[in-house]
Every structure is written in C-alpha cells, then in structure tokens.
Amino acid sequence: MSEIKKIEFNPATFEAMAEEVLREAKRKGASEAEVGIAFNKGFSVSAREGEVETVEYNQDKIVEIKVYFGKKSGSASISDLRDEAIKAAVEAACHIAKFTSEDPAAGLADKSELAYQFPHLDLSFPWSVTVEQAIELAIQCEREALAIDQRIISAEEASISTIEAWNLYANSNGFSGAFPYTRHDMSCVLVAKEDDEMQRDFSYTVASDPSLLKSVSLIAKEAAERTVRRLGARRLPTMKTPVIYMAEEARGLMGHFTAAISGGSLYRKASFLLEHLDKQIFPAFMHIQEQPYLSRALGSAPFDNDGVATRDNVFIEDGILKNYLLGVYSARKLGMKTTGNAGGAHNLIIRPGNKNLSELLKTMQKGLLITEMMGNGVNIVTGDYSRGVGGFWVENGEIQYPVHEITVAGKLQEMYKNIVEIGNDVDIRGNIRTGSILIEEMMVAGE
Amino acid sequence: MMTTEVLDIVRHDLLDPTGLTDNQLQKVLHQLAGPQIDYADLYFQSTYSESWVMEDSIIKSGSFDIDRGVGVRATSGEKTGFAYADDIVMPALLQAAEAARSIVKQGQDKSVQAWHQLPGHKLYLPIDPLHSLSEDDKVSLLQRVDAYIRQKDTRVVQVTVSLAGEYETILVMASDGHLGADVRPLVRFNVSLIVEQNGRRETGYAGGGGRFNYQYFLQDNLAFEYADEALRQALVNLDATEAPAGPMPVVLGPGWPGVLLHEAVGHGLEGDFNRKGISVYSGRKGEKVASSLCTIVDNGTLPDRRGSLNIDDEGTPTQNNVLIENGILKNYMMDKRNARLMGEKSTGNGRRESYAHLPIPRMTNTYMLAGQSDPQEIIASVKKGLYAVNFGGGQVDITSGKFVFSASEAYLIENGKIGAPVKGATLIGNGPDVLTKVSMVGNDLKLDSGVGICGKDGQSVPVGVGQPTLLVDELTVGGTRSQS
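Next up, the structure:
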C-alpha cells in the first residue's frame with residue numbers, strides 16, 4: 000500500500016501569500032485588510048468486520064480575505080491558491096465593499112491590542128503512524144471490542160484519524176502570526192442487542208500529542224461497557240428530580256453559558272445574560288477561567304481571530320460574572336474592550352470540586368444521571384431549555400438501570416443557580432473542561 | 000434527458016480552465032480501476048456562493064466564496080479509498096487516484112466502460128442565480144424588508160435579514176460508464192428578529208428558498224411575507240406560558256413539522272445503516288411499521304425544490320421512492336456502494352457535501368402524502384393535547400429508534416379548541432412506535448418553505464420535508480409544567 004506524497008508544509012509560503020493579499024488589497028484602494036489562511040492535511044481510516052472499510056486522505060486549505068474601505072467592508076474566501084485566483088478573490092471582496100454600509104464598529108484591532116509578540120505554544124505533535132498501522136489499530140480496536148461481550152453484535156466502525164494543521168492570520172496593521180497544531184483521534188462505535196432491543200454507543204480519545212491518546216484496548220473496553228450497559232433501558236415517570244450531567248455532557252451545558260456571554264449574542268440583545276456583568280450567575284463556589292496557553296491542549300491559541308493576544312480571562316469568580324467574551328467588533332458595539340475572544344474561548348476551565356462521579360452519585364442519592372443528550376432545544380435569548388436525554392436512574396447513590404426516551408427541561412438561569420456540586424472527573428477532550436455537574440432539580444418528562 | 004447544454008456549461012466551468020481532456024480523464028479512471036476494484040469515480044465540483052447580511056439596519060457584511068476541486072474514489076467490496084484535490088490538474092488527479100487505489104494491492108489495469116449519459120431530469124434551470132439581481136437590488140431588498148418590519152411593530156428591537164445564493168456545477172465520471180453533469184442553483188432568504196415587551200424578549204424566524212433565482216423573493220412580496228411570519232411567531236411567543244411535561248396527544252401542523260418524518264423514519268431507512276444491520280428498521284421490509292394511514296416518500300424529482308436534484312452525486316437520476324406505503328415498509332434509500340453490497344439498485348440517494356467528502360445515502364425531499372381528514376376535525380377530535388406548528392431541528396438514534404424534534408411554536412388544545420400558546424419544548428419518541436400511533440392524517444399536504452439542512456457523518460446537505468396535519472395519539476412533550 001503506498002502512501003500519498005508529502006504535501007509541502009511551508010508556513011513561509013503562506014506568509015508570503017498573506018502579504019501578497021494585503022498588498023493587492025492596498026493596490027485596489029482598500030484602507031485596511033486582513034487575511035486568514037488555514038491549511039491542514041492528514042488521513043482517516045475506518046475498519047469493520049476485521050477489514051479496512053475506508054481510507055480517506057484529507058488536505059484542505061482556505062484563504063479568507065476581508066477588506067475595508069473606511070468603515071465599509073467586504074469579504075471573500077477561496078480554496079484555490081493560484082495567484083490569479085487570489086487576485087480575483089481580493090477583487091470580489093473590494094467589489095462587495097462598494098455595496099455594504101458604513102459601520103462605525105468595523106475595522107482592524109487597534110495596534111496597541113495586536114499580539115506582535117506572541118508565545119510559542121507546544122501544540123504540534125505529528126503522529127508517525129502510517130495508513131497501514133492505523134488500519135491495524137482500528138481492526139484491533141474492533142476485534143477487542145467485539146470479544147468483550149457476546150451481546151455486542153457489530154461495530155458500526157472503529158476509526159483513527161490524524162491531522163497536521165497551520166493557522167495563519169495577518170493584517171495591514173503589520174501583524175502576521177502563524178502557529179501549527181495537530182489533532183489525532185481514535186473512536187469505536189458499537190451496537191449491542193438483547194431480545195428485540197438494540198442500543199448503540201461509543202468511546203473516543205482525542206489529543207494533540209499522540210502519546211496522550213488512550214490505548215486501543217481501553218477505547219475498545221470503554222465502548223463495549225458503555226454500549227452493553229444501555230441494554231434494558233426503561234422510561235421514567237414524568238417528575239421533578241435531581242440531575243447529574245456526566246462530564247462529557249456537562250461540557251454542553253457550560254457551552255450555553257459561553258454562548259450567552261459572547262459579544263455577538265449580547266450586542267444583538269440575543270442573550271438571557273444581557274446586562275448581567277457583576278451579577279451572581281452561579282453559586283459562590285464556582286469559578287470559570289480561560290487558559291489559552293496550556294501546553295498540548297486542543298483549545299490553546301497564542302492569538303485570537305483578530306490577531307489580539309489571548310489571555311487568562313476570568314469569567315466567573317465566586318459565581319459572579321466578571322467578563323464578557325469579546326472580540327474587537329463586538330467590544331466596539333458594546334463600548335468595551337476586546338478580551339481576545341474573537342472566535343471564542345480557548346480552554347475554558349470550570350474549577351473542579353473534589354468528588355469523583357461515584358461520590359457525586361452518593362451525594363445525589365436519588366435522581367437521573369445524564370450520559371447522552373439529543374436535539375437542540377435551547378433558546379439562548381430566553382434561557383428556555385428542553386432536550387432529549389438518555390442515562391441511568393440512581394437510587395441510594397447507586398446506578399439502578401438505564402433510561403431513555405425522556406426529556407429534561409428548565410430555564411438555564413435557574414439551572415445554573417441550582418448547581419449543587421462539580422465533580423473532579425474532568426473531561427479534557429474538548430475546549431471546555433469540566434467535571435460532572437449535579438443540579439438540584441429539573442423537570443423530567445417521560446411516561 | 001440531460002441536455003447537452005448542461006454538459007456544455009459544466010465542461011466549460013470545470014474542465015476548460017484546466018485544459019484537461021476526456022482522454023486524460025479516461026487515463027485517470029483506468030489507473031484507478033483494476034482487477035479488485037469494483038467501481039471508481041471522479042467528482043468535479045465548482046461552487047460560487049455569496050451572502051449579504053443586514054443587521055442593525057445597515058448592510059453589515061457581504062461575502063463571496065469560491066470552492067472547487069475533484070474527489071477521487073475507488074471501491075473494492077466493502078473497502079473504499081478516497082482522496083481529493085483542490086487543484087484540478089493532472090498531477091494532483093493522478094496522485095489522488097494513486098492514494099484512493101491504495102486500498103487494494105496493485106493489479107493489472109482493466110478497461111473502463113465507455114461513458115454514456117443517463118436520462119436525468121430537468122427540474123430546475125441551469126442558471127447562475129448570483130447574477131439574477133444587481134448588487135444594488137440585493138441591498139435594496141434587504142433594506143426594504145428591514146424598514147418594513149421595524150415600522151410594522153415598535154416592539155421589534157433586533158432584525159437580521161440575509162440573502163444567500165449558490166451556483167454549483169458538478170461532473171461525475173464513473174468506471175461503470177456513467178457520465179453525469181448538473182448545474183444546481185440554490186437561493187435562500189432569511190429573516191430573524193427579536194421583539195421586546197415589558198422586559199421580556201422573544202425571537203421569531205422565517206425564510207425560504209429553492210433552486211431558482213432571486214426573482215422568486217420579489218414575486219408576491221414573498222420576502223416581506225417571511226418578515227411578517229417571523230414577527231407573528233415572535234409575538235405569539237411573548238404570550239407563551241410554560242409547556243406541559245409528559246405524554247399526550249399531539250397534533251402536528253402541515254409543512255415543516257414533517258421534520259418528524261425525517262427523524263423518525265428517514266434516517267433509519269438510509270442504506271448504509273441497513274447494510275450494517277444497525278437500524279431499528281433493518282430487515283423489516285414488508286412489515287407494518289406505521290399506521291395504515293401513513294404513506295411516506297422521499298422524492299428528489301420535485302421541480303425547483305431545495306432538496307431536489309436532477310442527478311444525485313454519483314450520476315444516478317433521482318427518483319420518487321416510496322418508503323412506507325399504507326404503513327408497510329417498502330424501500331430503503333440507496334447510493335451505489337450500499338446498493339451493490341446489498342444486491343439492490345441505487346435509488347438516486349447518493350449525496351455528498353462536496354468533492355472533499357465521500358457520497359453516502361441521504362434524503363432529498365421526505366414527506367407524507369395527504370390523507371382524508373379536515374385539519375379542523377383533527378384538532379376538534381382532541382380533548383386535551385398539544386398543537387405544534389413550528390419546529391427547530393431534530394435528531395435521531397437510528398439504532399434504538401429514539402428521536403427528538405424541538406417545537407418553537409405550540410399551543411395547548413383544550414376540548415377540541417386551540418388554546419394558549421406555550422413555550423418551545425422538545426418532543427421525544429421512538430420512530431416505529433410513533434408512526435403506529437398516527438390516527439388521523441389531514442388533506443392539507445404542505446412542503447416546507449425551503450430552509451432544511453441535514454447533517455450526517457459531518458456532512459451537510461440541503462433537504463426538504465413536508466406533511467399534512469397529523470394526529471399522533473401519544474408523544475412525550477418535554478415541557479416544565481407538571482400535568483395534574
């Protein structure tokens with residue numbers, strides 16, 4: 000089996016290209032311009048029934064251009080990096096700027112805010128795995144998972160993927176920055192059957208550094224356990240009950256908080272946390288902070304999408320909202336300063352408590368442990384929340400049986416206030432790092 | 000028939016600038032195909048898209064995007080090798096072919112069938128919608144809609160109006176001799192707004208579109224009607240009280256609530272899940288999976304619809320596929336690969352987000368055919384329940400059959416009459432179970448306005464849904480208020 004030829008990974012080429020975009024914009028009369036270039040390459044493989052099922056080679060590149068004529072702007076993007084294509088894209092962006100309106104908030108970050116000196120972060124750890132080796136790993140993962148329990152009837156797939164990428168941003172205020180990062184993952188999706196009931200679940204591991212990936216055997220084991228334990232799922236009666244969001248689902252719950260304090264939601268008056276600065280959002284024991292420089296973390300970045308330095312923002316201190324999440328544009332709209340969050344937060348850390356999940360179950364005694372969420376019934380404008388869930392019914396602090404086909408509902412404002420405790424079982428696979436979250440009471444709809 | 004005109008446009012867009020000849024492309028396919036390769040194809044695509052956004056009563060942003068490239072695929076039994084390039088040039092193509100082919104050991108070349116065009120449809124015109132209005136007219140339309148709706152009600156505090164268009168050309172060349180070309184216009188107009196009254200804020204959203212040009216939104220002041228509709232929804236929600244929690248009869252309005260069918264039935268009938276035997280509907284062809292009032296189709300052949308295609312992304316003409324007929328499961332939706340592995344034929348449902356993604360079985364326009372009941376009678380038949388007329392999205396677990404869809408406009412039904420509006424809530428059910436509980440089907444079949452996007456395996460494609468008014472005897476409503 001042959002491997003695809005190595006694509007030239009040369010940030011200097013992209014830097015030159017970015018400079019050319021900025022020069023071309025200037026030639027066309029733009030007063031300011033900015034350009035983002037993202038480039039990645041890698042492959043993914045999947046296995047099923049002891050054989051490779053798919054091998055996909057990826058290589059994506061995109062150039063995003065924004066030009067300003069005073070306070071009027073125009074944007075264009077292109078995947079074709081030939082000179083004439085890039086010139087045409089700049090031309091298109093300039094053409095659009097003739098028809099957009101004067102926007103007082105438009106424009107690049109002030110020079111004083113740009114991260115001309117940014118730290119080097121350890122985010123790029125290419126994986127030496129070959130396609131053949133990745134296929135072997137995926138096949139091994141499936142084989143081990145199927146052997147764990149005879150109720151596992153098949154694997155939807157076991158897959159491995161690896162990506163090496165560069166992000167570059169430059170603007171006409173003299174900022175040009177680029178940084179490489181990598182992302183590798185392995186996942187296993189299984190189907191278990193007992194009598195007429197079929198259930199599906201999965202496990203995965205993802206990291207920037209392949210040495211941080213969980214082992215194939217552990218992923219197989221986790222996937223098998225998670226799938227089999229769902230068999231025998233029942234519904235619950237409609238009732239009010241305490242709820243624990245398991246860490247991986249607690250992440251989504253906290254994601255709604257970041258959406259609500261994002262500048263874009265605030266200046267559009269599209270947030271239930273409008274005008275909540277310095278107000279109590281969470282219980283006093285809660286602290287939420289951003290750590291953009293964490294080594295080998297998937298959310299780290301030395302500068303944001305405006306070229307502004309990222310920083311250790313504190314969003315929640317003693318349960319009180321201390322900062323919004325702002326980029327240059329939304330900050331100007333709100334009459335505030337950017338927090339280096341154009342494009343979002345970088346490693347949002349919910350300070351963990353000191354109990355593991357089983358201790359948290361003991362604290363809850365009786366209630367619902369949520370391990371799966373379905374649908375998107377969340378209204379950030381009002382805070383109204385209603386989603387489908389699956390998980391386990393807990394009594395006497397112990398898991399009793401799996402449950403499904405139920406919903407949980409509430410209002411985010413109240414759910415956040417009614418957080419009782421955060422676990423120490425922090426899931427670090429995403430940009431938001433939190434342990435499991437116990438909420439005092441929610442409405443469950445079922446039978 | 001696919002007109003030569005379409006093929007000419009596509010060749011002009013995709014191949015002429017690259018200087019690639021049919022001979023060269025035959026050579027690439029020859030290199031791809033071999034003794035152990037069952038099937039190989041090349042998929043050329045070029046997409047020009049634009050969007051214009053009005054917010055805070057100014058034309059805030061405009062963007063123009065170009066994406067073009069070629070996807071190269073080789074399959075052997077259950078194995079698929081895939082690579083793509085965004086440079087449509089011979090070296091990149093050969094390199095991608097080499098990579099795709101690497102899933103099997105090298106063997107002797109074997110001949111590729113001579114290309115022939117399959118009879119496709121002419122469901123929409125091969126036009127570039129981006130140029131169907133001048134820039135000034137695009138901007139003016141946004142401005143007029145914004146001014147109109149702000150003036151109509153002083154409670155409107157935020158308005159976002161957007162206009163987006165796409166001009167896509169595709170060319171499929173396959174080792175089975177299929178040659179397919181399509182020019183796919185797609186436009187969309189959206190209005191979302193926020194109203195505020197006594198400190199309470201609520202949102203409304205409406206929009207539409209399809210495979211035609213921008214003139215569509217000017218006809219009958221359609222763009223202004225979307226704004227009216229968004230405002231109406233937001234004002235209804237200002238009065239909404241807590242939604243009930245628990246199982247109850249649910250009447251679903253016509254049109255977009257057909258997202259029920261997309262989730263409860265559609266995904267579970269896609270060929271890949273059924274080949275793997277992991278769908279709740281696997282192995283159940285010929286069985287009764289819905290009440291006999293239910294006939295559900297996936298129809299890619301409706302003129303001008305957002306979910307329609309003249310040919311799918313593997314060159315197969317789309318079809319009107321009956322999925323469930325009078326409650327009996329009839330057919331799955333197939334792409335070429337899963338059809339071949341299951342000994343069936345492609346149903347024209349092989350779709351991909353772009354050249355950079357592999358085709359998989361996907362829906363087109365999925366809807367339930369009209370029944371006999373008067374919608375008023377359906378509502379009148381319910382003593383106590385929920386009437387849900389607008390929805391956000393949904394999601395399904397095709398293995399367990401559990402699905403959700405989230406209502407954004409709903410009312411209580413009390414003693415056969417529509418009562419007070421209630422807040423949005425997620426409805427949850429089990430696909431095959433819910434459809435057996437459909438006890439009345441209205442005579443008012445309606446398709447959605449052209450806003451659907453379906454995500455699967457990380458790939459998004461435009462789709463349509465529809466249905467007449469339906470009564471489901473029991474669905475679980477995920478509200479916050481206990482039923483006494």
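Chains as they are written, first to last, in numbering that gives the first Met the number 0: chain C, 0 to 446; chain U, 0 to 483. All C-beta atoms in this analysis are idealised placements derived from N, C-alpha and C, irrespective of residue type, glycine included. Note that the structure is a prediction, hence the values are computed from the model and not measured.
For the pair of segments examined, the region 324-336 of chain U was found not to touch the region 34-50 of chain C: the number of CB pairs separated by less than 8 Å stays below three.
The three-state secondary structure of U:W51, taken from DSSP, is strand.
For chain U, the residues of the region 198-216 of chain C that bring a beta carbon within less than 8 Å of one of its beta carbons are Q198 and R199, in chain order. With fewer than 16 other Cβ atoms inside 10 Å of its own Cβ, C:Y115 counts as exposed.
Taking the beta carbon of U:Q482 as reference, the chain C residues within 9 Å of it are T237, listed in sequence order.
For the pair C:T309 and C:G326, the CB atoms are not nearer than the 7 Å cut-off.
Looking only at U:L322, U:P316, U:V279 and U:R361, the smallest Cα-Cα distance to U:H177 is reached by U:P316. M373, G374, N375, G376, N378, V380, T381, D383 and S385: these are the residues of the region 371-385 of chain C whose beta carbon lies less than 7 Å from some beta carbon of chain U, given in chain order. By the criterion of at least three beta-carbon pairs nearer than 8 Å, the region 150-160 of chain C is in contact with the region 131-140 of chain C.
Residue-level contact by beta carbon holds for C:H403 and chain U, with a gap shorter than 7 Å.
In terms of beta-carbon proximity, C:A177 stays away from the interface with chain U, with every pair separated by 7 Å or more. Every unbroken stretch of the beta strand (DSSP E) spanning 3 or more residues and falling wholly within the region 140-176 of chain U is given here in chain order: 155-173. Contact between the region 426-436 of chain U and the region 390-402 of chain U is established, with three or more Cβ pairs separated by less than 8 Å. Rounded to whole angstroms, the separation of the alpha carbons of C:K321 and C:P118 is 26 Å. Residue-level contact check: C:K268 touches chain U, since one or more beta carbons of chain U fall below 7 Å from its beta carbon. Less than 7 Å divides the Cβ of C:P351 from the Cβ of C:G434.
Along the region 178-191 of chain U, there is no position whose C-beta sits under 8 Å from a C-beta of chain C. Nearest Cα to C:R150 within the set C:E31, C:A222 and C:A11: C:A222.
Using a Cβ-Cβ cut-off of 9 Å, U:R350 is close to nothing in chain C; its nearest Cβ partner there is about 17 Å away. Straight-line spacing of the CA atoms in C:D82 and C:A15 works out to 11 Å. Under the three-state reduction of DSSP, U:N429 is assigned to strand. Residues S385 and R386 of the same chain have their beta carbon placed closer than 6 Å to that of C:G376, with the five preceding and five following residues left out of the count. Using a Cβ distance threshold of 7 Å, U:N330 and U:L340 do not count as a contacting pair. Between the beta-carbon of C:A96 and that of C:F68 there is about 5 Å, and that keeps the pair under the 8 Å contact cut. Closest by C-alpha distance to U:L268, out of U:Y225, U:P248 and U:I327, is U:I327. Annotation for U:P374: no beta strand (DSSP E) segment contains it, though the alpha helix (DSSP H) segment containing it runs P374 to A379.
Excluding its 5 nearest sequence neighbours in each direction, U:V264 has C-beta neighbours in its own chain below 7 Å: I295, L322, I323, G430 and L434, listed in chain order.
Contact note: U:E134 reaches chain C through H94, I95, K97 and F98, using a C-beta cutoff of 9 Å and chain order.
For U:S281, no alpha helix (DSSP H) run applies, since DSSP gives it neither H nor E.
Under the three-pair Cβ rule at 8 Å, the region 437-446 of chain C does not count as touching the region 2-12 of chain U. Taking each of U:L221, U:I58 and U:V464 in turn and checking the Cα distance to U:C453, the smallest one comes out for U:V464. Residue U:H266 holds the alpha-carbon nearest to the alpha-carbon of U:Y280 among U:H266, U:N236, U:L292 and U:S291.
Here U:Q466 is buried, its C-beta having at least 16 other C-beta atoms within 10 Å. The alpha carbon of C:E224 has as its nearest neighbour, out of C:V34, C:R142, C:A444 and C:S202, the alpha carbon of C:S202. U:A96 and U:L31 do touch by the CB rule: their CB atoms are close to 5 Å apart, below 8 Å. Its chain contains V235, D238, A239 and Y410 as the residues whose beta carbon lies nearer than 6 Å to that of U:P420, once the 5 sequence neighbours on both sides are disregarded; these appear in chain order.
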